[in-house]
Amino acid sequence: MEDQMTSRPQLPTSRQLWQRAARSLPGGVNASARFDRALGHPLFVARGEGAYLYDVDGNRYVDYCMSHGATLLGHGHPAIVEAVQKALEMGILCSSETEHQVALAERLKELFPETDMVRYTCTGTEDTWHAVRVARAFTGRMGVVKFEGHYHGVNDTLGFSHWPKLDQAGTADHPRPVADSAGIPPQSAELITILPFNDVAALERTLLARGDEIAAVIMEPINYDSCGLVPTESFLRAVRNLTREHGIVLIFDEILSGFRCGPGSAVQTLTAHHSMAPDMTCLGKSVGGGMPLSVFMGRREIMETCTPVGPALHSGTYNAHLTLILAAHAFLDVVTQEGFYEHLEALGDRLYAGIREIMGRRGIPCWVQGVGARFGLLFGLAQEPRNYRDVAQQDLAMADRFHLACLERGVYLAQGSPHHGYSAAHTMADIDFTLDAMDHAAASL
89 MEDQMTSRPQ LPTSRQLWQR AARSLPGGVN ASARFDRALG HPLFVARGEG
139 AYLYDVDGNR YVDYCMSHGA TLLGHGHPAI VEAVQKALEM GILCSSETEH
189 QVALAERLKE LFPETDMVRY TCTGTEDTWH AVRVARAFTG RMGVVKFEGH
239 YHGVNDTLGF SHWPKLDQAG TADHPRPVAD SAGIPPQSAE LITILPFNDV
289 AALERTLLAR GDEIAAVIME PINYDSCGLV PTESFLRAVR NLTREHGIVL
339 IFDEILSGFR CGPGSAVQTL TAHHSMAPDM TCLGKSVGGG MPLSVFMGRR
389 EIMETCTPVG PALHSGTYNA HLTLILAAHA FLDVVTQEGF YEHLEALGDR
439 LYAGIREIMG RRGIPCWVQG VGARFGLLFG LAQEPRNYRD VAQQDLAMAD
489 RFHLACLERG VYLAQGSPHH GYSAAHTMAD IDFTLDAMDH AAASL
């Protein structure tokens, strides 16, 4: 007989919907990350409200997925709903320029002082792809450097070595590109160099040998896609100085980290060193208030490589859809209010300290990597990880069991996700409920 720590919650309606969906949708889902390996099927949701998800079986969960980081204000925030309603009343303008796109660009420039110009896209995958294309056009070079364990979407340019199998990934100091998906042309690997994160020597060695071939270095400044890895200050400084020295465009992918720690760049919030500002920044997820808006922006001379000024094509029917732009305005209105980030920080302080206390008291090795409003739970690790090879040592089977045990107790942690997070809609009562559920879940391990 299965015991409590390996049993699955009984969600018959979700399971039936998945079986129905599998006849029309590959795998029964619209994104592979939504299939819950531990549950055996996706969790089908009826609605979301504030900090909560309600599934089709009638259960309520305190949500720590929060749309994988896109819903920083909480589900259905009134300001976002009002903004979307306004856009609908204006005619659902899809391919038109309005004052609102201009005003949003101006607001983003104020929050990201290193930015001169802005362009909008919809998804993170196209956002980083366009940014790299622009960097290549600007420099006349084709090579790109990315770091092992960093995720920049599923485009063929950057879809390498997010979470590669270690037996395919080469040595820790000389990782090799491993495609994240079948169908990525092998030739794409010839244009990308994978480096270990937080390794100044590896970066120096690579740029000394091949700096004149490299158009861009792209990185998650807070590597949430490997559970929240934080760069050392010496590494950040080296990345900025070396790319500038070699004429390489430095791109910060802040699709996840932007607005997570403060009203703008996570790097500037955490380090207060504006000398480390990148040449380009990619934003997404939270900036749209839950709507599918992404942004790439940067220095004027780089951004004017975009058409119709320069030769790098950037266009699209849904770019800067008014519904998304008005939602982003509403999002900025909320996050720039006094006390917004103090509330987020207080929630995180209680949550992270509480999880650490539980794991310590229960004798469960688990590193809690909390950075701003998102966090990683690395079972099996006793000290802070610095790179992907450290993260790869975690006990994923134990994480699956913990996630299931939390789900049974009304707390939703997206299985398989390297990062979890809370929203401004969460309350201290939600945190206390979560810690109680996690304490019982940990006991079941």
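Residue numbers (this note's numbering): 89 to 533.
No residue lacks a Cβ here, since even glycine has one placed at the ideal position from N, Cα and C.
Note that the structure is a prediction, hence the values are computed from the model and not measured.
Which of the three DSSP states is assigned to residue i in this structure?
i, result
"cysteine 153", "coil"
"phenylalanine 323", "helix"
"methionine 486", "helix"
"isoleucine 272", "coil"
"histidine 528", "helix"
"threonine 515", "coil"
"valine 337", "strand"
"asparagine 311", "strand"
"tyrosine 510", "coil"
"cysteine 394", "strand"
"cysteine 83", "Because the chain in this structure spans residues 89 to 533, residue 83 falls outside the shown range and cannot be described."
"leucine 127", "coil"
Considering only residues of the same chain and omitting the five flanking positions on each side of residue i, which have a CB-CB separation below 6 Å?
i, result
"glutamine 189", "Ala408, Ile413"
"methionine 379", "Leu412, Ala415"
"threonine 101", "Val144, Asp145"
"proline 97", "Leu495, Glu496"
"leucine 469", "Trp455, Gln482"
"leucine 501", "Tyr152, His491, Cys494, His508"
"threonine 227", "Ala303"
"arginine 221", "Ala400"
"leucine 523", "Gly442"
Taking residue i as the reference, give the member of the options with the closest Cα.
i, options, result
"tyrosine 149", "Ala513, Ser532, Glu496, Asp524", "Glu496"
"alanine 530", "Leu484, Trp455, Arg450, Thr515", "Arg450"
"alanine 219", "Ala487, Ala267, Cys370", "Cys370"
"leucine 160", "Leu338, Phe428, Met364", "Phe428"
"glycine 498", "Tyr152, Val169, Glu214", "Tyr152"
"aspartate 341", "Thr216, Ala400, Thr405", "Thr216"
"glutamate 392", "Asn147, Thr203, His165, Ser314", "Thr203"
"leucine 410", "Met178, Gly162, Arg103", "Met178"
Could you round the C-beta distance between residue i and residue j to whole angstroms and report it? I think they count as a contact, below 8 Å.
i, j, result
"isoleucine 306", "histidine 240", "6 Å"
"aspartate 143", "leucine 176", "Going by Cβ atoms, the distance from aspartate 143 to leucine 176 rounds to 28 Å, so no, they are not a contact pair."
"tyrosine 208", "valine 423", "Actually they are not in contact, since the Cβ atoms of tyrosine 208 and valine 423 sit about 18 Å apart, beyond 8 Å."
"alanine 303", "arginine 388", "At roughly 18 Å, the Cβ-Cβ gap does not stay under 8 Å, so alanine 303 and arginine 388 are not in contact."
"valine 288", "serine 322", "6 Å"
"glycine 299", "isoleucine 336", "7 Å"
"alanine 517", "histidine 431", "Actually they are not in contact, since the Cβ atoms of alanine 517 and histidine 431 sit about 13 Å apart, beyond 8 Å."
"aspartate 261", "alanine 290", "6 Å"
"glycine 128", "histidine 163", "About 25 Å; that fails the 8 Å criterion."
"methionine 154", "tyrosine 510", "7 Å"
Got a sec? Which residues, its chain only, sit under 7 Å from residue i by beta carbon, not counting five neighbours each side?
i, result
"asparagine 311", "Gly237, His238, Phe285, Leu317"
"glutamine 256", "Val266"
"glycine 350", "Thr357, Tyr429"
"phenylalanine 347", "Leu160, Ser374, Val375, Val423"
"leucine 141", "Val133, Tyr149, Asp151, Tyr500"
"glycine 464", "Cys315, Gly316, Gln457, Pro506, His507"
"glycine 115", "Phe123"
Looking only at its chain, what residues have a beta carbon closer than 8 Å to the beta carbon of residue i, apart from the 5 residues adjacent to it on each side?
i, result
"isoleucine 280", "Gly231, Val232, Val233, Lys234, Thr245, Leu246, Phe248, Pro265"
"threonine 211", "Gly241, Gly372, Pro380, Ser382"
"leucine 533", "Met93, Arg450, Ile452, Met486, Arg489, Phe490, Ala493"
Does the ligand GDP have a heavy atom nearer than 7 Å to the CB of residue i?
i, result
"methionine 205", "Of ligands this structure carries none, so the ligand GDP is not represented either."
I'd like to know if the segment 444 to 460 and the segment 287 to 297 are in contact, where contact means that at least 3 CB-CB pairs between them fall below 8 Å.
Cβ pair count under 8 Å is below three, so no.
Can you confirm whether the segment 430 to 438 touches the segment 450 to 466 when touching is taken to mean that 3 or more C-beta pairs between the two stretches lie within less than 8 Å?
Output reads yes: the segment 430 to 438 touches the segment 450 to 466.
So, do the segment 119 to 133 and the segment 482 to 491 have three or more beta carbon pairs nearer to each other than 8 Å?
Yes, the segment 119 to 133 touches the segment 482 to 491.
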